[in-house]
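The structure appears right after this line, and notes come after that.
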Amino acid sequence: MNRFALLIPLGVFIIVGAVFAAGLWRDPSRIPSQLIDRPLPVFNLPPIEGFDEGLSSDHIIGEGEVALINVWGSWCVACHIEHPLLMALAENDVIPIYGIDWKDKPGDGTAWLERFGNPYTRIGDDMDGRVAIDFGVTGAPETFVVDKQGRVRYKQVGPITQQAWDDVLWPLIEELRRS
Amino acid sequence: MLPEIGHFALILAFVAACAQAPVLLAGGRIGEADAALFGRRAAILIFALTGAAFFILMYAYAISDFSVFNVFQNSHTAKPFIYKLTGTWGNHEGSMLLWALVLALFSAMLAWQGRAVPTTLHRLTLGVQSLVIAAFLAFILFTSNPFERFIPAPSDGEGLNPLLQDPGLAIHPPFLYLGYVGFSIPFSFAVAALIRGQADAVWARLVRPWALAAWTFLTIGIGLGSWWAYYELGWGGWWAWDPVENASFMPWLAGVALIHSIRVVERRDALKGWAVLLAIMTFSLSLVGTFLVRSGILTSVHTFAVDPTRGVFILMILAAAIGGSLTLYAFRAGSLSATGSFSAVSREGALVVNNVLLVAACAIVFVGTFYPLFIDVLSGEKISVGAPYFNLVFTPIAGLALLLAAAATLMAWKKASLNAVALRLRYAAIAALAAAVIVLAIAEREKVAGAIALALVVWLAIGALTDIAGRVKLFRAPLGQSLARLAGLPRAAWGAALAHFGIALFALGASGISIWKTEEILLMNIGDSVTVAGYEVTLKNVEQLTGPNYVAELGQFEAVKGGRTLALDAERRFYPVRQMQTTEAGIRARATGDLYISFSENASGAGWPVRILFHPLVGCLWWGMAITAFGGAMAMTDRGRKPARARAPSRAQARRRSQDMPAGAKTAQA
Numbered sequence: 000m001n002r003f004a005l006l007i008p009l010g011v012f013i014i015v016g017a018v019f020a021a022g023l024w025r026d027p028s029r030i031p032s033q034l035i036d037r038p039l040p041v042f043n044l045p046p047i048e049g050f051d052e053g054l055s056s057d058h059i060i061g062e063g064e065v066a067l068i069n070v071w072g073s074w075c076v077a078c079h080i081e082h083p084l085l086m087a088l089a090e091n092d093v094i095p096i097y098g099i100d101w102k103d104k105p106g107d108g109t110a111w112l113e114r115f116g117n118p119y120t121r122i123g124d125d126m127d128g129r130v131a132i133d134f135g136v137t138g139a140p141e142t143f144v145v146d147k148q149g150r151v152r153y154k155q156v157g158p159i160t161q162q163a164w165d166d167v168l169w170p171l172i173e174e175l176r177r178s
Numbered sequence: 000m001l002p003e004i005g006h007f008a009l010i011l012a013f014v015a016a017c018a019q020a021p022v023l024l025a026g027g028r029i030g031e032a033d034a035a036l037f038g039r040r041a042a043i044l045i046f047a048l049t050g051a052a053f054f055i056l057m058y059a060y061a062i063s064d065f066s067v068f069n070v071f072q073n074s075h076t077a078k079p080f081i082y083k084l085t086g087t088w089g090n091h092e093g094s095m096l097l098w099a100l101v102l103a104l105f106s107a108m109l110a111w112q113g114r115a116v117p118t119t120l121h122r123l124t125l126g127v128q129s130l131v132i133a134a135f136l137a138f139i140l141f142t143s144n145p146f147e148r149f150i151p152a153p154s155d156g157e158g159l160n161p162l163l164q165d166p167g168l169a170i171h172p173p174f175l176y177l178g179y180v181g182f183s184i185p186f187s188f189a190v191a192a193l194i195r196g197q198a199d200a201v202w203a204r205l206v207r208p209w210a211l212a213a214w215t216f217l218t219i220g221i222g223l224g225s226w227w228a229y230y231e232l233g234w235g236g237w238w239a240w241d242p243v244e245n246a247s248f249m250p251w252l253a254g255v256a257l258i259h260s261i262r263v264v265e266r267r268d269a270l271k272g273w274a275v276l277l278a279i280m281t282f283s284l285s286l287v288g289t290f291l292v293r294s295g296i297l298t299s300v301h302t303f304a305v306d307p308t309r310g311v312f313i314l315m316i317l318a319a320a321i322g323g324s325l326t327l328y329a330f331r332a333g334s335l336s337a338t339g340s341f342s343a344v345s346r347e348g349a350l351v352v353n354n355v356l357l358v359a360a361c362a363i364v365f366v367g368t369f370y371p372l373f374i375d376v377l378s379g380e381k382i383s384v385g386a387p388y389f390n391l392v393f394t395p396i397a398g399l400a401l402l403l404a405a406a407a408t409l410m411a412w413k414k415a416s417l418n419a420v421a422l423r424l425r426y427a428a429i430a431a432l433a434a435a436v437i438v439l440a441i442a443e444r445e446k447v448a449g450a451i452a453l454a455l456v457v458w459l460a461i462g463a464l465t466d467i468a469g470r471v472k473l474f475r476a477p478l479g480q481s482l483a484r485l486a487g488l489p490r491a492a493w494g495a496a497l498a499h500f501g502i503a504l505f506a507l508g509a510s511g512i513s514i515w516k517t518e519e520i521l522l523m524n525i526g527d528s529v530t531v532a533g534y535e536v537t538l539k540n541v542e543q544l545t546g547p548n549y550v551a552e553l554g555q556f557e558a559v560k561g562g563r564t565l566a567l568d569a570e571r572r573f574y575p576v577r578q579m580q581t582t583e584a585g586i587r588a589r590a591t592g593d594l595y596i597s598f599s600e601n602a603s604g605a606g607w608p609v610r611i612l613f614h615p616l617v618g619c620l621w622w623g624m625a626i627t628a629f630g631g632a633m634a635m636t637d638r639g640r641k642p643a644r645a646r647a648p649s650r651a652q653a654r655r656r657s658q659d660m661p662a663g664a665k666t667a668q669a
């Protein structure tokens, strides 16, 4: 067998190993660096079935308030888990929550909200997942904290637990409101 | 005091491994017999010491000694006793200790085997093995000490992840580790073969049972893992192409290629460089899997901890083990010359093609698993690769491999006649066609995909039966003679046929559940009914109950079909110590499939969100994997074709030894 061919496995491993080494220094659950402290991706989503208003980046920036953008779907089991907490936030007017209904079939999202309650100020329908890609969404639920200037400041991967809310999100929101 | 003894035992084991490696690898200079004896004793000593450390940790768990930080973090007095014990390996440090223990166990068994026939090959293999052990003991001692103290001891621990309190999970990691770590032995044999520049039938016969044992354990481990996911995780899936699942699947695929190519080396003295490369690849993928889980480099439900120092350490082990062995391969594989030649149409030829397909399938899984990481590192973008990619790309290649598997077992070594093989496969072909037609006629949906899948399944299953029928001359010889032949069949033949049959059964289950699953998600109140796959499912009652360390909501369902009534209980448990919820799905297994119910919290007050699924043929998944593993075990116990001659005292053995010596001595001087 030719010498060069025998070196191929080693070459492949060296490339893979280099990527592993580079990959060690990033936190897989953190937001991609280019979105942190950057303005929201520009988007304009239609309303979900049965609603009149959709959601666009202008709506969120226009309010000039610290807000949450929550990516969810009626198919998402983990969204059930954080839903009571979102409902409590909405009922007590703690913070505006904008919803992005991700990859849902028409009508499913509306039906889900009718059953469990709607914590969202506005909802956009991201049926084909284009906007979720701009946000770098890897799964549902994911929640973004947006500051008064409409910049993304934090991403919560997975359901918002009470602990995540108390330890991370709420302190951050208070800080952003003060600034 | 005891934990300190455990820690000290680990340090001693590490020192012993550090002493063992150079002695074994340079044994030619010290004196073959002395070096081998020292190496064997060291291997057994390391096993005893690691075992002592492991059982001391387990004892600390048993008595809930919270002055040990690891026990404090992962155990709780309110936990059932059996899960206190299994909690020993339900965390990072403990599972690495189990890894090292299994590694030491395999080395000790290798040493024991080498006692009977001491050869340079065995000595070098054990030497490579001791390097691997030293590396992993160093990893434990320097980055993941399980015996770290926590004083003053808190009164209670922080509990164990309730998802992990399940019999399926308690036993599945040890089996996975037996598989992963078991592949270290073929790896060490491969490196030893490269050092000596010689891989022959004797080498293959030594490697084969180890490779088969590791592969069998890995099959059982993966099977138990997916069974656990199915019963416990509550999403009704059995395989999600999750990075950690893929990490166990890649060595499995490479292992399938390995056990087949070793057979070619053993029988035909060909494909040597390829078999050696596969042995290296299989263990490398096991190491990569460990790296994946232990470094937290990819987000996954399975990942225990994100800690760069551990990741760096494992990466260094990877670089040394994989980089080192592949460098050796690049320079030495050229000297592994084959003597056997074969034509393209032969069992060897078919196995080569199947090997290529399996490695391609493995590469597909690898790319899908690591593509997000590559993209992230290169461009900073986050993407995810989901099941659609794997289903689209992996399934056709796996299908081709299954298609060929039935034919390969019927081909003759060296040169086969396509006509003869086609003739023998005519029943399989007719049955496959019939299956396809039946599916097209009766299936309500997904006719084409289902027809292709079932035709393949029937083809492979009948192919495996044809192989056995041909070997016993069924219907061509008197029945009594056939039965006698059946009893006398080599276990390797039984193993191959069983494993292929098991894979066919497994594929049947996998097709059934992915093609014809029925699912209904809805909100139910007590008394509500819904019809799913012909079952009329009613929510009869919901009540609260209290378990040993959790509180639960129990949903009692009733399913009626054809006048028969089934009762199903689904549970939603809440574990206060960890603030975690788990679902215990209600599952009723029928011959045609499983009725599966899980439910969530009635958060809105409008009813309980209920998920009802009918999984057709799901039982075939578990039975298929079990039969496949049994086939592997069967083939493992086959002693090979010429054991009598190789074992014969006298000249054969003496000759082999004298052939071994110069080769080993040469390398030692080089």
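Chains as they are written, first to last, in numbering that gives the first Met the number 0: chain A, 0 to 178; chain B, 0 to 669. For every residue, glycine included, the Cβ atom is placed at its ideal position computed from N, Cα and C.
Residue(s) in a DSSP beta bridge with residue i
i	result
residue 573(B)	550(B) and 580(B)
residue 607(B)	523(B)
residue 43(A)	55(A)
residue 463(B)	BP columns for residue 463(B) are empty, so no partner.
residue 596(B)	585(B) and 611(B)
residue 122(A)	98(A)
residue 555(B)	540(B) and 568(B)
C-beta atoms of residue i and residue j nearer than 8 Å
i	j	result
residue 273(B)	residue 347(B)	no
residue 91(A)	residue 142(A)	no
residue 415(B)	residue 353(B)	no
residue 58(B)	residue 1(B)	yes
residue 139(A)	residue 111(A)	no
residue 124(B)	residue 635(B)	no
residue 286(B)	residue 321(B)	yes
residue 633(B)	residue 470(B)	no
residue 186(B)	residue 279(B)	yes
residue 564(B)	residue 570(B)	no
residue 52(A)	residue 95(A)	no
residue 311(B)	residue 171(A)	no
residue 173(B)	residue 88(B)	yes
Local conformation of residue i per DSSP, three classes
i	result
residue 83(B)	helix
residue 127(A)	coil
residue 587(B)	strand
residue 536(B)	strand
residue 567(B)	strand
residue 9(A)	helix
residue 154(A)	strand
residue 166(A)	helix
residue 69(A)	strand
residue 543(B)	strand
residue 114(A)	helix
residue 157(B)	coil
residue 62(A)	helix
Proximal chain E residues relative to residue i, where beta-carbon distance stays under 7 Å
i	result
residue 6(A)	Included in the structure are the protein chains A and B, with no chain E among them.
Run of the beta strand (DSSP E) containing residue i, from where it starts to where it stops
i	result
residue 338(B)	It is not in any beta strand (DSSP E) - residue 338(B) carries neither H nor E in the DSSP assignment.
residue 159(A)	Note, residue 159(A): premise wrong, no beta strand (DSSP E); not H, not E.
residue 212(B)	Note, residue 212(B): premise wrong, no beta strand (DSSP E); alpha helix (DSSP H) at 200–231.
residue 101(A)	96–101
residue 528(B)	528–531
residue 141(A)	141–145
N- and C-terminal bounds of the alpha helix (DSSP H) containing residue i
i	result
residue 409(B)	Run containing residue 409(B): none; DSSP gives neither H nor E here.
residue 13(B)	1–24
Beta-carbon separation (whole angstroms), residue i vs residue j, contact threshold 8 Å
i	j	result
residue 551(B)	residue 499(B)	About 43 Å separates the two Cβ atoms, so there is no contact after all.
residue 9(A)	residue 581(B)	About 45 Å; that fails the 8 Å criterion.
residue 61(B)	residue 96(B)	Residue 61(B) to residue 96(B), Cβ: 15 Å. No contact.
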